[in-house]
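Since the structure comes first, as structure tokens, the remarks are kept for the end.
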Amino acid sequence: FLLGAWAALNADVLDRMTTPDPLLLAVAGVFSLIYVPTYLHIPGWQAGFIADFVAPLAAMGWVVLILSMLRRHAGAPNAKVRALVDASFTIYLLHQPVILILGLLLLPVHAPPVLEWLLITPLTLGLCYAVHGLIRSHPILLFAFNGVLPHFREQPRRV
Numbered sequence: 116f117l118l119g120a121w122a123a124l125n126a127d128v129l130d131r132m133t134t135p136d137p138l139l140l141a142v143a144g145v146f147s148l149i150y151v152p153t154y155l156h157i158p159g160w161q162a163g164f165i166a167d168f169v170a171p172l173a174a175m176g177w178v179v180l181i182l183s184m185l186r187r188h189a190g191a192p193n194a195k196v197r198a199l200v201d202a203s204f205t206i207y208l209l210h211q212p213v214i215l216i217l218g219l220l221l222l223p224v225h226a227p228p229v230l231e232w233l234l235i236t237p238l239t240l241g242l243c244y245a246v247h248g249l250i251r252s253h254p255i256l257l258f259a260f261n262g263v264l265p266h267f268r269e270q271p272r273r274v
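To convert a position in the sequence shown, counted from 1, into this note's numbering, add 115.
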């Protein structure tokens with residue numbers, strides 16, 4: 116979070132985070148190869164402390180790779196992306212309770228976990244975004260959920 120905030124405030128940091136460095140990507144790839152087998156509990160693979168150490172470094176490489184690809188292929192302003200960005204904090208605040216409720220509702224259903232995930236994921240996004248639509252129309256709720264100060268209309272002055 117702090118790195119993202121720093122990148123938002125400093126154009127040099129943002130440029131560095133969105134410019135792929137071949138060495139960084141190679142190191143992140145090697146670190147991913149060390150971490151993933153430990154995470155997946157592949158028999159015979161025990162990296163222990165090393166896996167815990169390399170995981171954040173591998174993640175940083177993936178962040179740079181994804182951000183650089185997004186900057187290259189989706190760097191132009193886009194109204195749909197702007198709307199999702201505006202709703203992102205509301206979605207962040209609400210997604211976990213929505214996932215929990217949807218998961219509880221699906222307990223009686225004995226479907227494969229992948230199918231449940233394919234159902235819960237878009238429903239969660241849609242429901243959270245719909246709630247953001249309601250929040251956006253109320254200045255006090257918008258401030259409470261997104262930290263956006265209400266815009267008050269100036270009243271014409273009487274002379």
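Ideal placement from N, C-alpha and C gives every residue a C-beta, glycine not left out.
In whole angstroms, give me the CA-to-CA distance for residue 197 and residue 241.
Your numbering for residue 197 matches position 82 in the sequence shown. Your numbering for residue 241 matches position 126 in the sequence shown. In a straight line, the C-alpha of residue 197 is about 16 Å away from that of residue 241.
Please confirm if the region 200 to 211 is in contact with the region 232 to 248, defined as three or more CB-CB distances below 8 Å between the two stretches.
yes
Residue 158 to residue 151, Cα distance in whole Å?
Position 43 of the sequence shown, counted from the start, is the residue given in the question as residue 158. Position 36 of the sequence shown, counted from the start, is the residue given in the question as residue 151. A direct Cα-to-Cα measurement between residue 158 and residue 151 gives close to 12 Å.
Counting Cβ pairs, one atom from each stretch, are 3 or more of them under 8 Å apart for the region 171 to 180 and the region 210 to 218?
no
Does residue 121 come out as helix, strand or coil in the three-state DSSP assignment?
On the sequence shown, residue 121 is found 6 positions in, with the first residue counted as 1. Helix at residue 121.
Output the boundary residues of the alpha helix (DSSP H) element that contains residue 221.
Indexing the sequence shown from 1 puts residue 221 at position 106. Looking at the DSSP string, residue 221 is not in any alpha helix (DSSP H), and its letter there is neither H nor E.
Can you list, in chain order, the residues of its chain with a C-beta nearer than 7 Å to that of residue 238? Leave out the 5 residues immediately preceding and following it.
Against the sequence shown, residue 238 aligns to sequence position 123. Result list for residue 238: 217, in chain order.
By the three-class DSSP mapping on this structure, what secondary structure does residue 181 have?
Start at 1 with the first residue of the sequence shown, and residue 181 comes out as number 66. Looking at residue 181 - three-state DSSP - the assignment turns out to be helix.
Does the pairing of the region 165 to 176 with the region 217 to 231 give three or more beta-carbon distances under 8 Å?
They do not touch, by the three-pair rule.
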